[in-house]
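At position 41 of the sequence shown (counting the first as 1) the number is 309 in this note's numbering, and the numbers step up by one without a gap. Take a look at the structure set out below.
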Amino acid sequence: MAAIDTVAVRDLVARELVKRKNWAQREPGVITVFAIVGAVALGLIALWIYKFMQKRKSAKQQF
Numbered sequence: 269m270a271a272i273d274t275v276a277v278r279d280l281v282a283r284e285l286v287k288r289k290n291w292a293q294r295e296p297g298v299i300t301v302f303a304i305v306g307a308v309a310l311g312l313i314a315l316w317i318y319k320f321m322q323k324r325k326s327a328k329q330q331f
């Protein structure tokens, strides 16, 4: 007697995979917000790095 019936397990796994839906396709607004927030965050990080480098460059020129 087999400890695990592989056919039954395979059927359960296949059924779970079929039930999955594309969450991003159902919620395009949320994905859009994530994209906008990510773009703004990247812009702010780039601005902070630019200012940091400018401060460092001006401090280096003073010496």
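Heads up, the beta-carbon is just placed ideally off N, CA and C, and yes, glycines get one too.
- Apart from sequence neighbours up to five positions away, the residues of its chain that approach alanine 292 with a beta-carbon distance below 6 Å are Ile299, ordered along the chain.
- Assigned with DSSP and collapsed to three states, aspartate 273 falls in coil, not helix or strand.
- The continuous alpha helix (DSSP H) containing lysine 325 extends over residues 296-330.
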